[in-house]
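Participant: Protein chains in written order, with the working numbering: chain A, 1 to 234; chain B, 235 to 470. The structure that follows is given in the form of structure tokens.
As structure tokens, then:
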């Protein structure tokens, strides 16, 4: 298919968008970055490209929209297959990578999100407990998948690195808000080292959000969601 | 790897457990099927094989560690037995489309189907039914796009999306029966009606598709339990 026209519709604060941009950087693919404002109404382009979910990120390759960040990452890996691989080549290792990426999306991220936007202290506490359990699982997973190298993907940034690494800035924001260390030398030393490698990687550092700016956005997002929740319960 | 022992840990009412079994059948791979009676509690084997989620299906291939999550199993089988028929399409965009719809069915559509049975009040039930119908309309359109005039989402043969969607047919039929409605309807979703028939009677599917009457009996028991507990049951 070749490079063709590549556009990415996203929002700077979104970890899901970050996955897509880093994948494109790893493959040295040029693209146009279109910013969507998450605090305002959804754009025409977004509603047209993702009518089912109406969510970013969306990758638009020529005339074809691709939605859902991990599906987009696999698409990028398969189209630009001659460049560095994001998923491993062995079927068992691929299954393992997909499993942990799915774990991040289905269990870890929702708990993380609940810590930030939970409407009751009880919900936030329960979510925090889940997050702390989750980082221990991810520490174990890292040790198995990395085989002593710097990334989940081994020598290079892989699928699980993208899935989990894209949450690091938000993890830092939550550490700031709750004054609790989620990643620590004591409990998750491998992840601490990995977080450093990932956030300073050439393909990552320019799209890794500034933590203070993200914290500020987090407050605005939480306020918006709390307001909406109050409106529906009245 | 082809001659190693393959086991699938599943549960006969589970749509998710059907998926790896259909793929193994398509690839003509022999396997041992171990049935979990989840409503009686989880076995040691299950808890050991899937400590993170404690859910079926689990695929055990030789002496490798178990593989969990139905759609991850499906992709693993497709890739490990690459000489058999391909389950995922070959074109990256077609693959992305198949993955998108499978994720939609798992994350949005089937939860709506489940909620019809346990919805509290007429309003909630109507809303759930509307969501199910909306999803079917989307899938009718998707069938047109993906099949390119052939019999399945995968084209001439059963593919990833056929398996993801088709595994829900049993529960869809049970929901139709319990709520006295026709969701798959010749008027609204003619393509899907024919496809459902073709899928259910396929050689790789018919022996693992649960009998609708048996599933309905099981469904009654589950709904009674849910109503008693006042919480949603886990069907994964």
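Here a beta-carbon is modelled for each residue, glycine too, at the ideal position from N, C-alpha and C.
#1: Can you tell me whether DSSP reads residue 63 of chain A as helix, strand or coil?
#2: Between residue 207 of chain A and residue 22 of chain A, which are expected to be in contact by the criterion C-beta below 8 angstroms, what is the C-beta distance as a whole number of angstroms?
#3: Measuring alpha carbon to alpha carbon, tell me which of B:245, B:254, B:314 and B:348 ends up nearest residue 413 of chain B.
#4: Output yes if chain B places a C-beta closer than 9 angstroms to the C-beta of residue 2 of chain A; else output no.
#5: Could you work out which residue in A:230, A:6 and A:218 is closest to residue 120 of chain A when comparing CA atoms only?
#6: Between residue 380 of chain B and chain A, is any beta-carbon pair separated by less than 9 angstroms?
#7: For the alpha helix (DSSP H) containing residue 48 of chain A, name the first residue and the last one.
#8: For residue 309 of chain B, return the contacting residues in chain A, with the cut-off set at a CB-CB distance below 9 angstroms.
#9: Would you please state the rounded distance, in angstroms, between the beta carbons of residue 171 of chain A and residue 183 of chain A? I believe it to be under 8 angstroms.
#10: My output table needs one value for residue 9 of chain A: the three-state DSSP class, helix, strand or coil.
#11: For residue 444 of chain B and residue 455 of chain B, I'd like the C-alpha separation in whole angstroms.
#12: Which residues in the same chain as residue 426 of chain B place their Cβ atom closer than 7 angstroms to its Cβ, once the five residues preceding and following it in sequence are excluded?
#13: Residues of chain B with a CB under 8 angstroms from the CB of residue 75 of chain A: which are they?
#14: Determine the extent of the alpha helix (DSSP H) in which residue 96 of chain A is found, giving its start and end residues.
#15: Cα separation between residue 40 of chain A and residue 95 of chain A?
#16: Express the C-alpha separation of residue 289 of chain B and residue 247 of chain B in angstroms, rounding to a whole number.
#17: Cα-Cα, which of A:8, A:167, A:143 and A:91 is closest to residue 131 of chain A?
#18: Does any CB atom of chain A fall closer than 9 angstroms to the CB of residue 463 of chain B?
#19: Should residue 236 of chain B be flagged as near chain A, meaning a C-beta pair shorter than 9 angstroms?
#20: Closest to residue 441 of chain B by CA distance: which of B:296, B:394, B:241 and B:253 is it?
#21: State the start and end residues of the unbroken beta strand (DSSP E) segment that holds residue 33 of chain A.
#22: Which residues in the same chain have their Cβ closer than 7 angstroms to the Cβ of residue 224 of chain A, if we skip the five residues on either side of it in sequence?
#23: Alpha carbon to alpha carbon, how far is residue 326 of chain B from residue 78 of chain A? Give it in angstroms, no decimals.
#24: Can you list, in chain order, the residues of its chain whose CB lies under 8 angstroms from that of residue 262 of chain B, leaving out five sequence neighbours each side?
#25: Could you please give me the residues that DSSP links to residue 294 of chain B through a beta bridge?
#26: Return the CA-CA distance between residue 68 of chain A and residue 277 of chain B, expressed in angstroms with no decimal places.
#27: At a Cβ cut of 7 angstroms, what residues of the segment 240 to 271 of chain B count as close to chain C, listed as they run along the chain?
#28: In this structure, does DSSP put residue 71 of chain A in helix, strand or coil?
#29: Between which two residues does the alpha helix (DSSP H) containing residue 174 of chain A stretch?
Facilitator: The answer reads as follows:
#1: In the structure shown, residue 63 of chain A adopts coil according to DSSP, grouped into three states.
#2: The pair is a contact, with the Cβ atoms about 6 angstroms apart (cut-off 8 angstroms).
#3: Among B:245, B:254, B:314 and B:348, the Cα nearest to that of residue 413 of chain B is on B:348.
#4: Low confidence applies to residue 2 of chain A: its pLDDT is 48, below 50, so where it sits in the model is not reliable enough to give any reading.
#5: Considering only alpha carbons, the answer is A:230.
#6: Residue contact with chain A for residue 380 of chain B: absent (no Cβ-Cβ distance below 9 angstroms to any residue of chain A).
#7: Where residue 48 of chain A is concerned, the enclosing alpha helix (DSSP H) stretches over 44 to 49.
#8: Correct list: 91, 94, 95 and 98.
#9: Correct: roughly 7 angstroms between the Cβ atoms.
#10: It is a strand residue.
#11: Going from the Cα of residue 444 of chain B to the Cα of residue 455 of chain B covers about 16 angstroms.
#12: Within its own chain, the residues whose Cβ lies closer than 7 angstroms to the Cβ of residue 426 of chain B, once the five positions on either side in sequence are excluded, are 370, 373, 374, 377 and 418, listed in chain order.
#13: Going along chain B in sequence order, the residues near residue 75 of chain A (Cβ under 8 angstroms) are 326, 327, 329 and 330.
#14: Under the DSSP assignment, residue 96 of chain A falls in the alpha helix (DSSP H) whose first and last residues are 91 to 103.
#15: Looking at the backbone, the Cα of residue 40 of chain A and that of residue 95 of chain A are separated by about 38 angstroms.
#16: Each residue's Cα considered, the two are about 13 angstroms apart.
#17: Selected option, being the one with the closest Cα: A:167.
#18: It does not: the Cβ of residue 463 of chain B has no partner Cβ on chain A nearer than 9 angstroms.
#19: At residue 236 of chain B, the pLDDT of 48 sits below 50, so the modelled position is not reliable; the number obtained from the coordinates is stated separately. At least 9 angstroms separates the CB of residue 236 of chain B from every CB of chain A.
#20: Looking at the Cα atoms, B:253 is the closest of the given residues.
#21: Per DSSP, the unbroken beta strand (DSSP E) holding residue 33 of chain A starts and ends at 32 to 35.
#22: For residue 224 of chain A, where only same-chain residues beyond five positions count, the Cβ hits under 7 angstroms are 39.
#23: If you draw a straight line from the Cα of residue 78 of chain A to the Cα of residue 326 of chain B, it is about 6 angstroms long.
#24: Same-chain partners within the cutoff: 318.
#25: Answer by DSSP bridge pairing, in chain order: B:241.
#26: Separation of residue 68 of chain A and residue 277 of chain B (C-alpha to C-alpha, rounded to the nearest whole angstrom) is 35 angstroms.
#27: Within the model displayed, chain C is absent; protein chains A and B are what it includes.
#28: Assigned with DSSP and collapsed to three states, residue 71 of chain A falls in helix.
#29: Where residue 174 of chain A is concerned, the enclosing alpha helix (DSSP H) stretches over 168 to 178.
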